[in-house]
Amino acid sequence: MFSKWIYYRLLGRFFLPLLLIVAVVIGLLYHQEIETLDKLLEKEDISSVELATQVERNALATLGADALYLAGQPNMKSWIEYPSGLNKSAVVADFQWFQERFPAYDQVRLLNAQGMEEIRLDRVSGQSLVVPQAQLQNKSQRYYFKKIHSLSPGDIYVSPFDLNLERGRIEIPLKPVIRIGTPVFNQSGKFRGSILLNYLGTQILDELRQFSPGDGREIWLLNNKGFWLLGRGPEQEWGFMFPERQQHTMTIAYPQVWEKMQNNIEVGRASQNQDLFTFHRLDINSVTPGGESFKQNHWYVLIFTPKSYIEEKHADVKRNYLYMFALVFGLLLIVCSRLAQKELLRAESEQKVAEQEVQYRELLEGAPDSIVVADQSGVIRMVNVEAERVTGYSRADLVGQNVEILLPQRLRENHEEYRQSYLENPVVRSMGASKELFLLTKSGMEIPVEISLSPLVRGNERLVTSIIRDITQRKQQVAHIKELNRDLVMRSNALKAINLELESFSYSVSHDLRAPLRAVDGFSQTIIKEYADKLDDRGKDRLERIRKAAQNMAGLIDGLLDLSRISRTDMQREEVSLSKLASEVLSQLQEIDPGRKVTVSIQPEMNAQGDARLLKVLLTNLISNAWKFTGQVDDARIVLQSKELNGEQVFSVQDNGAGFNMDYAAKLFGAFQRLHDAEEFPGTGIGLATVKRVINKHGGRIWAESEPGKGAVFYFTLGEE
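Quick note on my numbering: the sequence shown kicks off at 952 and runs consecutively.
Right, dumping it as structure tokens:
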């Protein structure tokens, strides 16, 4: 009863203060992580709305430039001065070319000075159609014509974002549009009419949807009156166009948020009912310099984060910290219980010293590990039977000797310093935790060991107990495990190679595409030859473009076939001279382009184990790339060499050509991935993908280092046989 009371008193002395400290620390960490989580969410939302707003800003700026482009065309200027039928036909042709080039424009119109549609082109079923004269409408009473009529030369009008009306009725299906207009004047400054473009707003809305974060969070677009242009569903949107939807506004649904949005803040956050709103105001005039629009014509891009999403994130953090607290609580209880037990045992130890001495010796002798007990001077005072067996010394040989008798000479130099350091803080710990330790036997053999140190108090004497464990067998097991791991890596590489075989499917697909492409190319050439006198320049140009596209596609298919063949090629490893293969490739390149002067350095006797055919393909692609991308350098240099890095043979192909931005290095080895303009450096984008396949086939690795304008280095390894 007395012992139990002491035990609980000691347990409370250790446990309660530590538990209080842990609870306070975990509470502070929890609140700090909640704050960090909220800040990250805020930063993410602000970044998303800013990026989405910038995308829309760029789109609107482009619309204004398109209107001015049409107004400045020579045919348009001719019509303004001389509105003849011939000039009008030329303007129609310009409009039709423009609408076909930019399909997002649903209507392209020219209104005369009285507001009557002079020219109107509608996009119908993907085609640009000229509306007959009889179907043209008078738009003099529409708000946008009146607004454009009041503008100066070079000004841009941007309408509100609304739904298209045809003859006073909302067009079905709904067609969101933005009207972009600019006035046109003759040389004497007289208003002659206006150009009006109807831009399909679905493209803007689709772009915004790409920025929706998901997980219950939504992206919205509102006009300056608070009506949804893009909301939770169609029933909320375009409320200002439908009498039955007039109540669907932010002013009614979220009045507190809307009030803050009106405080002339460009970017901000607000909350209502614990829902979060991150908004960015997009002023239309600010994205069309010199432009004009309705007063206060601006949009709001919002990200809506519901209360449930925030609560779920907070709950995850709370749950993690509750688990942490429960774990620490249990550990503290265990540790403090142990400490209390230790204190209790120490209080009872005085009456059991003799008994414990006998028990200690019995434990010492029965221990499976070697045990050496030394005093503070390092003199051995006691050893067990296992220590005699392992070291080869007898008990009489060891007792009275310094412990350094068991250390190899190279480990004795700093041992005295380490021993004194331990005596200053004698706790149970490993000796030389970061080093390999060895025990020197009587025969001079060194045995790898682990040593645990612990203090021992016998009466007034302080001793150090060293528990020495022979880890020879463990090291052998570790070596065996490493060998097994190496075998596993090889098997894994083999499995990857097998998986690559599946890509041979692309071979048959690419092969079947060749015939129709040859037909397209051949028939196009036949039409050019046999019907040349019946085709105008534009028709001939279109046919030449068709031929060029077909030939380019054929080149891509050839690249795909080469890529597929790599996957299906059987490996035949042998010793291959990479120096010789590289010289052959460079000789072929020099024959093709004899005028090039390139300084080439090839390391002699550079050999590797691999498939000669595949390695020829690898070097052909890498060296051809180096040859191509140094084409604009006066002192072009190409270097092929190898070196050993961390026990592995690494080969490299280096040039001083165009180089590339390392931010795009992850795309480098994908099929059809290009980091340079095809006009500047022609190619299919298949070469490095082929190189990657060859490297994978050999179980190796490939990577690159580069800087724009300073060349590139491609490193590769070929794995082990």
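Just so it is clear, CB atoms sit at the ideal spot from N, CA and C, and this is done for glycine as well.
Every value quoted in this text rests on a predicted model; they were computed, and no experiment measured them.
Consult DSSP for TRP1189 and reduce its assignment to one of helix, strand or coil.
-> The sequence position of residue 1189 within the sequence shown is 238, counting from 1. DSSP places TRP1189 in coil when its eight states are reduced to three.
Does DSSP classify ASP1223 as helix, strand or coil?
-> Start at 1 with the first residue of the sequence shown, and residue 1223 comes out as number 272. In the sequence as presented, Asp is not what sits at residue 1223; that position holds Gln. Secondary structure of GLN1223 (DSSP, three-state): strand.
Secondary structure of VAL1379, DSSP reduced to three states | Position 428 of the sequence shown, counted from the first residue, corresponds to residue 1379. DSSP places VAL1379 in coil when its eight states are reduced to three.
Apply the 10 Å Cβ neighbour rule to ILE1123 and answer buried if 16 or more other Cβ atoms are within range, or exposed otherwise.
-> Translated into positions along the sequence shown, residue 1123 becomes position 172. Exposed is the call here.
Between GLN1197 and ALA1055, which are expected to be in contact by the criterion C-beta below 8 Å, what is the C-beta distance as a whole number of angstroms?
-> For the purposes of this step, residue 1197 is taken as the residue at position 246 of the sequence shown. For the purposes of this step, residue 1055 is taken as the residue at position 104 of the sequence shown. Actually they are not in contact, since the Cβ atoms of GLN1197 and ALA1055 sit about 30 Å apart, beyond 8 Å.
Going by other Cβ atoms of all chains shown within 10 Å of its Cβ, with 16 needed for buried, is ILE1216 buried or exposed?
-> Position 265 of the sequence shown holds residue 1216. Within a 10 Å sphere around the beta-carbon of ILE1216 sit fewer than 16 other beta-carbons, which makes this residue exposed.
What residues in its chain sit with their C-beta under 6 Å from that of ASN1572, if we drop five residues either side in the sequence?
-> Counting from 1 along the sequence shown, the entry for residue 1572 is found at position 621. GLY1638, THR1641 and VAL1642, listed in sequence order.
Would you say the stretch 1279-1291 touches the stretch 988-1003, given that touching needs at least three Cβ pairs under 8 Å?
-> By the Cβ rule, the stretch 1279-1291 does not count as touching the stretch 988-1003, because fewer than three pairs are nearer than 8 Å.
Given a threshold of 16 other Cβ atoms within 10 Å of its Cβ, counted over all protein chains shown, does SER1145 qualify as buried or as exposed?
-> Locating residue 1145 in the sequence shown gives position 194, where the first residue counts as 1. Looking at its Cβ environment, which holds 16 or more other Cβ atoms inside 10 Å, SER1145 is buried.
Take the Cβ of TRP1048 as the centre, count every other Cβ of all protein chains shown within 10 Å, and call the residue buried at 16 or more, exposed below.
-> Your numbering for residue 1048 matches position 97 in the sequence shown. Exposed is the call here.
Cα separation between LYS1426 and MET1613?
-> Along the sequence shown, one-based indexing puts residue 1426 at 475. Along the sequence shown, one-based indexing puts residue 1613 at 662. If I take the Cα positions, the gap works out to 42 Å.
Look up ARG1120 in the DSSP assignment and give the residues it is bridged to.
-> The sequence position of residue 1120 within the sequence shown is 169, counting from 1. GLU1117.
Use the C-beta contact count for PRO1206: other C-beta atoms within 10 angstroms, 16 or more gives buried, fewer gives exposed.
-> For the purposes of this step, residue 1206 is taken as residue 255 along the sequence shown, with counting starting at 1. The residue is exposed, with fewer than 16 neighbouring Cβ atoms inside 10 Å.
In whole angstroms, what separates the C-alpha of LYS1480 from that of SER1538?
-> Mapped onto the sequence shown, residue 1480 falls at position 529. Mapped onto the sequence shown, residue 1538 falls at position 587. LYS1480 and SER1538: Cα-Cα distance of roughly 39 Å.
Counted within 10 angstroms of its Cβ, other Cβ atoms place LEU971 as buried (16 or more) or exposed = Locating residue 971 in the sequence shown gives position 20, counting from the first residue. Label assigned to LEU971: exposed.
In this structure, does DSSP put ALA1064 in helix, strand or coil?
-> Indexing the sequence shown from 1 puts residue 1064 at position 113. Three-state result, ALA1064: coil.
Segment contact flag, the stretch 1082-1099 with the stretch 1116-1135, C-beta cutoff 8 Å, min 3 pairs | Under the three-pair Cβ rule at 8 Å, the stretch 1082-1099 counts as touching the stretch 1116-1135.
Kindly indicate which three-state DSSP category LEU971 falls into: helix, strand or coil?
-> Here residue 971 refers to the residue found at position 20 of the sequence shown. Note: LEU971 maps to helix in three-state DSSP.
Look up ASP1562 in the DSSP assignment and give the residues it is bridged to.
-> Position 611 of the sequence shown holds residue 1562. Residue pairing from DSSP places ASP1562 in a beta bridge opposite ARG1524.
At which residues does the alpha helix (DSSP H) containing LYS1039 begin and terminate?
-> By one-based count along the sequence shown, residue 1039 stands at place 88. 1036-1052 is the span of the alpha helix (DSSP H), which, as asked, contains LYS1039.
How do the stretch 1389-1398 and the stretch 1366-1373 stand: do at least 3 beta-carbon pairs fall below 8 Å, yes or no?
-> no
Status (buried if at least 16 other CB within 10 Å, exposed otherwise) for LEU979 = Position 28 of the sequence shown, counting from 1, holds the residue named residue 979. By the 10 Å Cβ count, LEU979 comes out exposed.
At which residues does the beta strand (DSSP E) containing ARG1332 begin and terminate?
-> Within the sequence shown, numbered from 1, the residue matching residue 1332 stands at position 381. Per DSSP, ARG1332 belongs to the beta strand (DSSP E) from 1331-1334.
In this structure, does DSSP put LYS990 in helix, strand or coil?
-> Locating residue 990 in the sequence shown gives position 39, where the first residue counts as 1. LYS990: helix per DSSP, three-state reduction.
Kindly indicate which three-state DSSP category SER1103 falls into: helix, strand or coil?
-> By 1-based counting over the sequence shown, the position of residue 1103 is 152. Note: SER1103 maps to coil in three-state DSSP.
Best match in ARG1547, LEU1529 and PHE1611 for proximity to PHE1602 [C-alpha to C-alpha] = Numbered from its first residue, the sequence shown carries residue 1602 at position 651. Comparing Cα positions, the closest option is LEU1529.
Give the secondary structure of ASN1607 by DSSP, where H, G and I count as helix, E and B as strand, and everything else as coil.
-> Counting from one through the sequence shown, the residue named residue 1607 turns up at place 656. ASN1607: coil per DSSP, three-state reduction.
Please specify which runs of the beta strand (DSSP E), each continuous and at least 3 residues long, are wholly inside the stretch 1146-1219, giving them in chain order.
-> Runs of the beta strand (DSSP E) inside the stretch 1146-1219: 1169-1173 and 1179-1181.
On the DSSP bridge assignment, give the partners of LYS1654 in chain order.
-> For the purposes of this step, residue 1654 is taken as the residue at position 703 of the sequence shown. Here residue 1654 is Trp; the residue named in the question, Lys, does not match the sequence. TYR1666.
Is the Cβ-Cβ distance between LYS1567 and LEU1532 less than 8 Å?
-> Walking along the sequence shown from the start, residue 1567 turns up at place 616. Walking along the sequence shown from the start, residue 1532 turns up at place 581. A contact, by the Cβ cut-off of 8 Å.
Taking ARG1270 as the reference, which of ILE977, ILE1356 and GLN1476 has the closest Cα?
-> Along the sequence shown, read from residue 1 onward, the residue named residue 1270 stands at position 319. Between ARG1270 and the set ILE977, ILE1356 and GLN1476, the nearest pair of CA atoms involves ILE977.
Taking only runs of the alpha helix (DSSP H) that begin and end inside the stretch 1527-1605, which ones reach a length of at least 4 residues, in chain order?
-> 1529-1543 and 1563-1580
Simplified DSSP assignment, three categories, for PHE1620 | Numbered from its first residue, the sequence shown carries residue 1620 at position 669. Looking at PHE1620 - three-state DSSP - the assignment turns out to be coil, as it is neither helix nor strand.
Who are the Cβ neighbours of GLY1066 in its own chain at under 7 Å, not counting the five residues just before and after it?
-> One-based indexing of the sequence shown puts residue 1066 at position 115. Correct list, in chain order: ASN1089, LYS1090, SER1091 and PHE1096.
Nearest to SER1593 by alpha carbon, out of ASP1585, GLN1605 and ALA1587?
-> Translated into the one-based positions of the sequence shown, residue 1593 becomes position 642. When each option's Cα is compared against that of SER1593, the closest is GLN1605.
Residue nearest to GLN1523 in terms of C-alpha spacing, selected from SER1534, ARG1564 and ASP1484 = By 1-based counting over the sequence shown, the position of residue 1523 is 572. Ranking the options by Cα distance to GLN1523, first place goes to ARG1564.
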